[in-house]
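For our numbering, count along the sequence shown from 1 and bump the result up by 38. To start, the structure under review is shown below, and the notes come after it.
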Amino acid sequence: MRLENQTGIGLKHGGDGEMIIKYKDVVLRAIEENDLELLKEMINDPEIETMTGGYSFPVSTFQQKKWFEGLSSRKGELRLIIETTEHGAIGLVMLTGMDWKNRTTEIHSKITSRNNIRGKGYGTQASEALIRYAFKQLNFHCVYTYSIDYNIASQRVLEKCGFKREGALRERIYKDGKHHNVTVWSILSDELMSKE
């Protein structure tokens, strides 16, 4: 069964009954155990770690499985695998810090560095799909995120998705022996409506 409405996203049930979000060239779906190798690869990828906030310690297969086992008990989060027909599973997009009273949530995404996947628009499409889902299906009012000052690719994705720069958190992130500014971004539900 497929449901396509004013959201611009297709909500349908996959072959095993799970709900998926289809938008342009990407499908967003629940994380499965066979995705753990990709997730472990991304969290251990120094190129990805450099572009994201915080820091990561090396993660083993055992640790990744333990994380997966506890995933269903985590509240206020929605983590989805990004898939394409051509490449299969290529990344992760998520909503965290879901504040149901104030109707705000934070969005994050990661695309694998394997097979020259980046730069093809999949991250933008996945983010657009999840933003639409957050506004139209979950009734959020504001989606926000952060980008490190040197992560130009992330900033381009956010601009394409309609995010506005709110301001800078000065020297908030420490990477490679130096402090860096972090930009705060947000998009409001009515801004998405006016963009469509």
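For each residue, glycine too, the CB sits at the ideal point set by N, CA and C.
- Taken through DSSP and simplified to helix, strand or coil, W105 comes out as helix.
- Note on F100: under 16 other CB atoms within 10 angstroms of its CB, so exposed under the neighbour-count rule.
- In the structure shown, the three-state DSSP call for V64 is strand.
- Secondary-structure assignment with DSSP links R152 through no beta bridge to anything.
- When only Cα atoms are considered, Q163 and C199 end up about 9 Å apart.
- Shown here, R112 sits in coil according to DSSP, grouped into three states, outside any helix or strand.
- Relative to the Cα of N177, the nearest Cα in the group K139, I211, I119, V97 belongs to K139.
- Short of 6 Å from the beta carbon of S94, and not among the five residues preceding or following it, lie these beta carbons of its own chain, in chain order: I81, E87.
- If you draw a straight line from the Cα of D137 to the Cα of T183, it comes to about 14 Å.
- Shortest Cα-Cα distance from G135 to any of G114, H146, I149, N153 involves G114.
- Shortest Cα-Cα distance from G126 to any of I155, I145, K104 involves I155.
- Straight through space, the alpha carbons of M57 and R203 are spaced by roughly 33 Å.
- Residue range 74-81 is occupied by the alpha helix (DSSP H) that includes E75.
- S98 sits in coil when the DSSP states are folded into three classes, being neither helix nor strand.
- Between I149 and Y160 the beta-carbon gap is near 6 Å, inside 8 Å, which marks them as a contact.
- One thing to note: G91 has its Cβ no nearer than 8 Å to the Cβ of V181.
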